[in-house]
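Residue numbers (our numbering): 6 to 81. Input: a single structure, listed below in structure tokens.
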């Protein structure tokens with residue numbers, strides 16, 4: 006048995022950082038509600054800016070995950 010008083014657990018700083026980033030991303034999505042024309046190679050789409058931001062974020066995340074794996078496999 007320990008005689009030390011029970012201290013509350015500290016919140017991990019990484020969790021705080023991720024929550025702050027998520028809240029910032031949510032604020033950006035909610036405050037940008039304009040219509041935007043997106044010109045793909047073979048077609049054009051008129052969409053709201055939050056969907057365009059989400060698409061850009063998803064493409065960036067996919068490239069961040071797939072890019073290094075592809076680069077390592079090409080080096081071998």
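The C-beta atom is built at its ideal place from N, Cα and C for all residues, glycine as well. The model shown is predicted, which means the values in this text are computed figures rather than measured ones.
Same chain only: Cβ atoms within 7 Å of residue i, ignoring 5 sequence neighbours per side
i: residue 37; result: 54, 55 and 58
i: residue 62; result: none
i: residue 27; result: none
Helix, strand or coil at residue i [DSSP, three-state]
i: residue 50; result: strand
Straight-line Cα distance separating residue j from residue i
i: residue 44; j: residue 18; result: 40 Å
i: residue 68; j: residue 13; result: 40 Å
i: residue 31; j: residue 71; result: 25 Å
i: residue 65; j: residue 15; result: 32 Å
i: residue 50; j: residue 35; result: 20 Å
i: residue 22; j: residue 33; result: 17 Å
i: residue 73; j: residue 11; result: 44 Å
i: residue 46; j: residue 39; result: 22 Å
6 Å CB neighbourhood of residue i in its chain, flanking five on each side removed
i: residue 41; result: 54 and 57
Proximal residues to residue i (C-beta, below 8 Å), its chain only, five neighbours per side dropped
i: residue 29; result: none
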